[in-house]
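Residues 12 to 217 in my numbering are what the sequence shown spells out, letter by letter. A short write-up of the structure that comes next.
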Amino acid sequence: MAKLPSALLPGRAPSCLGCGSALRAPTLHPLLSATFSAPRRPSLASTAATAAAAAASQVRHATLIRRPQRPYTFTQLVQLSDGSTYTARTTSPHGTYRSVKDTRNHARWQPSDRSLRNVEVDEAGKLAAFRDRYGRGWDAAAAPPDDSMNAEEREKAQKELDAQEELDLTALIQGYASAAGIEGQSGMNAKETAKAERKNAKKGKK
């Protein structure tokens, strides 16, 4: 392989230790130094142009797509008030559900059923406790017979209307009289005495 001329070779440092106090760094030939020069830094104009080009290009990141909440459902056996059953899918983990109010025993779903119209709502037992303490003198009046009723229902409604007593405090008085052991001269309590007086008054009018 051919050797480079000595003019193109870089200068060497002195080989002896005592030739100089400081060692010089090797220098390249002017032609080689021009060839291996350091890269120039980009100008501000070129940097701004590059940033503008990057901003103009569309950049789309991943979009978070939330999945719909689909809870696990169980197969449940629903038992109505009349004993009929059906199955349904529900989030409740209980295997059986027994309904108290449903389409079979409530007037909200059966408005045409007359047997459900006068059903007293006494779930907590407050109405029964009130009657035990104050009697049935505060009960609402019986409904008069309707033209749409059949013969049996009309007769039953008329009997309830005839048997309905006037609003009085005989039931309350009877309770206090029974508690005190007080009875009338005829051996009847206050309520029985009031009934007898009303019957006698009706007979006298006839």
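A virtual CB, placed ideally from N, CA and C, is assigned to each residue, including glycine.
Are the beta-carbon atoms of residue i and residue j separated by less than 7 Å?
i: Thr96; j: Gln90; result: yes
Can you list, in chain order, the residues of its chain with a C-beta nearer than 8 Å to that of residue i? Leave out the 5 residues immediately preceding and following it.
i: Gln121; result: Thr114, Arg115 and Leu127
i: Ser110; result: Val89, Gln90, Leu91 and Ser92
i: Thr102; result: Pro82, Tyr83, Thr84 and Phe85
i: Lys213; result: none
Out of the options, which one is the CA nearest neighbour of residue i?
i: Tyr108; options: Arg125, Phe85 and Ser123; result: Phe85
i: Pro104; options: Pro82, Lys210 and Gly146; result: Pro82
i: Lys167; options: Arg125, Tyr145 and Leu138; result: Arg125
i: Leu144; options: Glu163, Ile184, Asn161 and Arg119; result: Leu is not the amino acid found at residue 144; the sequence shown has Arg there. Arg144 has its Cα closest to that of Ile184, out of Glu163, Ile184, Asn161 and Arg119.
With a threshold of 7 Å on Cβ separation, who are the neighbours of residue i within its own chain once the five nearest residues in sequence on each side are excluded?
i: Gly136; result: none
i: Ser32; result: Its pLDDT being 49, under 50, Ser32 is placed unreliably by the model, and the measurement read from it follows with that caveat. There are no such residues.
i: Lys210; result: none
I want to check one thing, is the minimum distance from the CB of residue i to the heavy atoms of the ligand NAP below 6 Å?
i: Thr102; result: For the structure depicted, the ligand NAP is absent and the ligand set is empty, with no information on it obtainable.
Those runs of the beta strand (DSSP E) which lie wholly inside the segment 102–143 and span at least 3 residues: 107–109
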